[in-house]
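Peer 1:
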Amino acid sequence: LTSREFHPTDTVVDVDGLKIGGEENFVTMAGPCSIEGLDQIMECARIAKAGGATVLRGGAFKPRTSPYAFQGLEEEGLKYIRQAADKFDMKVITEVMDEANLELVAKYTDILQIGARNMQNFKLLTAVGKTGLPVALKRGISGTIDEWLNAAEYIAAQGNQKVIFVERGIRTYETATRNTLDLSAVPVIQKLSHFPIIVDPSHGVGVWDYVTPMAVAGIASGASGMIVEIHPNPSQAWSDGQQSLNEKRYMNMMEQIHVMEKAM
Ligand code: PEP
Ligand code: MN
71 LTSREFHPTD
81 TVVDVDGLKI
91 GGEENFVTMA
101 GPCSIEGLDQ
111 IMECARIAKA
121 GGATVLRGGA
131 FKPRTSPYAF
141 QGLEEEGLKY
151 IRQAADKFDM
161 KVITEVMDEA
171 NLELVAKYTD
181 ILQIGARNMQ
191 NFKLLTAVGK
201 TGLPVALKRG
211 ISGTIDEWLN
221 AAEYIAAQGN
231 QKVIFVERGI
241 RTYETATRNT
251 LDLSAVPVIQ
261 KLSHFPIIVD
271 PSHGVGVWDY
281 VTPMAVAGIA
291 SGASGMIVEI
301 HPNPSQAWSD
311 GQQSLNEKRY
321 MNMMEQIHVM
331 EKAM
């Protein structure tokens, strides 16, 4: 069901009127790594919207490497991001980490994000497939293309044709960047699957200086959109500040993206 052999033309994922994939415009999803409070997410939404993003990102359930790191505001955070997105007429994307919280997350979000660490959580994939909501499926930290396609199949097997692949970098021997953004995955996935693919330059490189060039490379590669981390004050961010763009850097990146959009 994920394969292009099954469905030769591009699937355009409709997120409540916002279209992702095919010949549709490049879609930008922007926001903080974590929702930290109402004021913070409101300010992020204002910045995101000003640059041209149409989807507000932000985690309320955070998959942190250390169990002692901030784990997210949970339902309180979901309420805040919904409020901020509605105020700025944006859609919401947020991560669901487990089946236990799926119903709760689905109540507030427009797109369910499956994190890299859960790419092969087959029970969760089946459960999100059943919701019928659009699902942004991040590539596993060491996930091969074939494993990623099979993960998407778990969602599609439930009758859900709203899958969005997210290339967020893979683990390699390189340590200068947090991950290695595999931009070749964009044309590869496009050849093998009809579902759209977007890029995540933030987790892809893990260092804010490198985010803009990789975002521009992402649109040049033919991706249908990107998801990027921003923060009003990155040095104070509760998570992933080192890879978050401040307002000025984000606006500068989006200027370049808008130039690329016209050129594509
Ligand atoms: C995130 O989007 O903040 C995140 C945790 O991403 P990933 O699952 O790609 O690491
Ligand atoms: Mn993050």
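For the sequence shown, position 126 matches number 196 in the UniProt record's numbering, and the numbering has no gaps at all. Beta carbons: idealized from backbone N, C-alpha and C, even for Gly.
1) For Ser305, which option in Tyr138, Ile327, Leu315, Met324 has the closest C-alpha, if you only look at C-alpha atoms?
2) So does the segment 72-92 actually touch the segment 255-265, counting three or more Cβ pairs closer than 8 Å?
3) Return yes when at least one heavy atom of the ligand PEP lies under 7 Å from the C-beta of Arg187, else no.
4) Grab the span of the beta strand (DSSP E) containing Phe235 for me, first residue to last.
5) Quick one, are the C-beta atoms of Ser272 and Glu299 less than 8 Å apart?
6) So Glu165 and Gly185 are in contact, right, with Cβ under 8 Å, and what is the actual spacing, rounded?
7) Count the other CB atoms within 10 Å of the CB of residue 34; is the residue buried (16 or more) or exposed (fewer)?
8) With a CB to CB cut of under 7 Å and the five nearest residues on each side skipped, what residues in its chain are close to Asn171?
9) Any residue with its C-beta under 5 Å from a non-hydrogen atom of the ligand MN counts. Can you list them all in chain order?
10) Can you name the start and end residues of the alpha helix (DSSP H) that Ala197 belongs to?
11) Name the DSSP beta bridge partners of Arg127, please?
12) In the DSSP assignment, the alpha helix (DSSP H) including Thr282 goes from what residue to what residue?
13) Roughly how many angstroms lie between the CA atoms of Phe158 and Ala118, to the nearest whole one?
14) How big is the Cα-Cα spacing for Ile268 and Glu331?
15) Below 7 Å, is the gap between the Cβ of Pro133 and the nearest heavy atom of the ligand PEP?
16) Go ahead and pull the three-state DSSP assignment for Ala118.
17) Between the Cα of Met160 and those of Ala120, Asn191, Thr135, spot the shortest distance and give me the residue it belongs to.
18) Following the continuous beta strand (DSSP E) through Lys208, name the residue where it begins and the one where it ends.
Peer 2: Here's the rundown:
1) For the purposes of this step, residue 305 is taken as residue 235 along the sequence shown, with counting starting at 1. Of the candidates Tyr138, Ile327, Leu315, Met324, the one whose C-alpha sits nearest the C-alpha of Ser305 is Leu315.
2) Here the segment 72-92 lies against the segment 255-265, with 3 or more beta-carbon pairs under 8 Å apart.
3) Position 117 of the sequence shown holds residue 187. Yes.
4) As a working note, residue 235 is residue 165 in the sequence shown. Note, Phe235: beta strand (DSSP E), 233-237.
5) Position 202 of the sequence shown, counting from 1, holds the residue named residue 272. Position 229 of the sequence shown, counting from 1, holds the residue named residue 299. Cβ atoms of Ser272 and Glu299: closer than 8 Å.
6) The count along the sequence shown starts at 1 and reaches residue 165 at position 95. The count along the sequence shown starts at 1 and reaches residue 185 at position 115. Sure, about 5 Å apart at Cβ, within 8 Å.
7) Residue 34 is absent from the structure shown; the chain starts at 71 and stops at 334.
8) The count along the sequence shown starts at 1 and reaches residue 171 at position 101. Around Asn171: Phe131.
9) Cys103, Asp310
10) Translated into positions along the sequence shown, residue 197 becomes position 127. It spans 192-201 - the alpha helix (DSSP H) in which Ala197 sits, taken as one unbroken run.
11) As a position in the sequence shown, residue 127 is number 57, starting the count at 1. The partner list for Arg127 (beta bridge, DSSP) reads Ile163.
12) Here residue 282 corresponds to residue number 212 of the sequence shown, with the count starting at 1. Here the alpha helix (DSSP H) through Thr282 covers 278-290.
13) What you label residue 158 is simply residue 88 of the sequence shown in a count that begins at 1. What you label residue 118 is simply residue 48 of the sequence shown in a count that begins at 1. Cα to Cα, Phe158 sits roughly 9 Å from Ala118.
14) One-based indexing of the sequence shown puts residue 268 at position 198. One-based indexing of the sequence shown puts residue 331 at position 261. Straight-line Cα distance between these residues: approximately 14 Å.
15) By one-based count along the sequence shown, residue 133 stands at place 63. Relative to the ligand PEP, Pro133 has its C-beta within less than 7 Å of a heavy atom.
16) One-based indexing of the sequence shown puts residue 118 at position 48. Assignment of Ala118 by DSSP, reduced to helix, strand and coil, places it in the helix class.
17) Locating residue 160 in the sequence shown gives position 90, where the first residue counts as 1. Comparing Cα-Cα distances from Met160 to each of Ala120, Asn191, Thr135, the minimum goes to Ala120.
18) Here residue 208 corresponds to residue number 138 of the sequence shown, with the count starting at 1. For Lys208, the enclosing beta strand (DSSP E) stretches over residues 205-208.
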